[in-house]
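Position 171, counted from 1, in the sequence shown is what this note's numbering calls 172; the numbers after and before it change by one each time, with no gaps.
Built from N, CA and C at the ideal position, the CB exists for glycine as well.
Written out below as structure tokens is the structure these notes cover.
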Amino acid sequence: MSVHLLLSAGRGPQECAWALARLLRRLEGDATRQNLETHRVQTVPGDRPDTYRSVLIQISGADAEAFAASWAGTLCWQAPSPYRAGTGRKNWYVIAQPCQVDTPRTTFAEADVDIVACRTGGPGGQHRNKASTAVRATHRPSGIVVVVDTERQFSLNRRIAMRLLRQRIEEGDETAGRAVTTARWRVHDELVRGNPTRIERPEMPKQDLASQEQARRRL
């Protein structure tokens, strides 16, 4: 099983892009410990080195979906700004949302099409009514229906109906693909600062941890 997670700094300051890079490494390390594989599918770098405005990451493994859910939402990287020493702000927010990357393409097969001969009116209708040359074609998997009566011969109308079905199915796939792309880009504007679902901080150096442990023992 694999899922895709989109991490975005939204329209936040450059520190958010810096925070995203740190959160990404933390996520990847967490995934490795849980025997999951990660792959950076797409990255958009920030203005400064080692920063990202957004990253699309693929997570693969038995518990990939649950893992992605544990990292979804507003993420907070809690640390002083590396760029502005005077600022008192220490919380930098990033959004992470599972997203769909590709839409399945509809496979067109004539065996999936029901063809029914029917009668229509119009110019030359008297001949058509007698011969039932019109075609009503239904593509069962998608439910798309076309009716063709432009030609006097059934075989020609059938051929046209098949071509129209192919075109409409391809157009439907393209529309669905554009909708997925639009939904993915919309994530960049959904970042909510505050009330994070997850807070991460830089790891404390080992010597500092040892000093804290000694201080606790003296107490």
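Supposed contact pair residue j and residue i - C-beta distance, whole angstroms, cut 8 Å
i, j, result
"ARG153", "THR134", "6 Å"
"ILE58", "LEU6", "5 Å"
"ARG202", "GLN79", "5 Å"
"ILE145", "ILE170", "7 Å"
Backbone CA spacing between residue i and residue j [nearest angstrom]
i, j, result
"ALA63", "SER71", "15 Å"
"ASP18", "THR44", "Note that residue 18 is Ala in the sequence shown here, rather than Asp. Computed Cα separation, rounded: 11 Å."
"ARG199", "SER143", "41 Å"
"ARG26", "ALA32", "10 Å"
"LEU76", "PHE68", "14 Å"
"ALA65", "GLY74", "16 Å"
"GLN101", "ILE60", "13 Å"
"GLU111", "GLN168", "14 Å"
"ALA22", "PRO105", "31 Å"
"VAL56", "PRO99", "12 Å"
"GLU204", "PHE109", "54 Å"
"ALA179", "LYS91", "According to the sequence as given, residue 179 is Arg; it is not Ala. Approximately 38 Å, taken between the alpha carbons."
"THR107", "VAL147", "17 Å"
6 Å CB neighbourhood of residue i in its chain, flanking five on each side removed
i, result
"VAL114", "ALA138 and HIS140"
"ARG34", "none"
"THR88", "SER82"
Sequence-distant residues of the same chain with beta carbon closer than 7 Å to residue i, five excluded per side
i, result
"GLY126", "Confidence is the limiting factor: at GLY126 the pLDDT is only 48, short of 50, which leaves the residue's position unreliable, though a coordinate-based value still follows. Cβ neighbours of GLY126 beyond the five flanking positions: none."
"TYR84", "GLN15 and GLU16"
"PHE155", "ALA118, THR134 and VAL136"
"SER3", "GLN59, ILE60, SER61 and ALA65"
"ARG159", "ILE116 and VAL136"
"GLU29", "THR39"
"ALA211", "Because ALA211 carries a pLDDT of 49, less than 50, the predicted location of this residue cannot be relied on, and no value is offered for it."
Beta strand (DSSP E) segment containing residue i, residue limits
i, result
"THR44", "38-46"
"ASP115", "114-119"
"PRO105", "No beta strand (DSSP E) holds PRO105; DSSP gives it neither H nor E."
"PRO99", "92-100"
"GLN59", "53-61"
"ARG137", "135-140"
"ARG199", "199-201"
Endpoints, alpha helix (DSSP H) assigned at residue i
i, result
"SER71", "65-72"
"GLN15", "15-34"
Own chain partners of residue i with C-beta closer than 8 Å, once the 5 adjacent residues on each side are dropped
i, result
"ASP48", "GLN15 and ALA18"
"ASN196", "THR75"
Check your understanding: Can we say the segment 158-165 touches the segment 34-43, given the rule of at least three CB pairs closer than 8 Å?
Key -> no
Check your understanding: Between the segment 170-182 and the segment 49-57, do three or more beta carbon pairs fall short of 8 Å?
Key -> no
Practice item. Could you say if the segment 95-102 and the segment 8-25 meet the contact criterion of at least three C-beta pairs nearer than 8 Å? Key: yes
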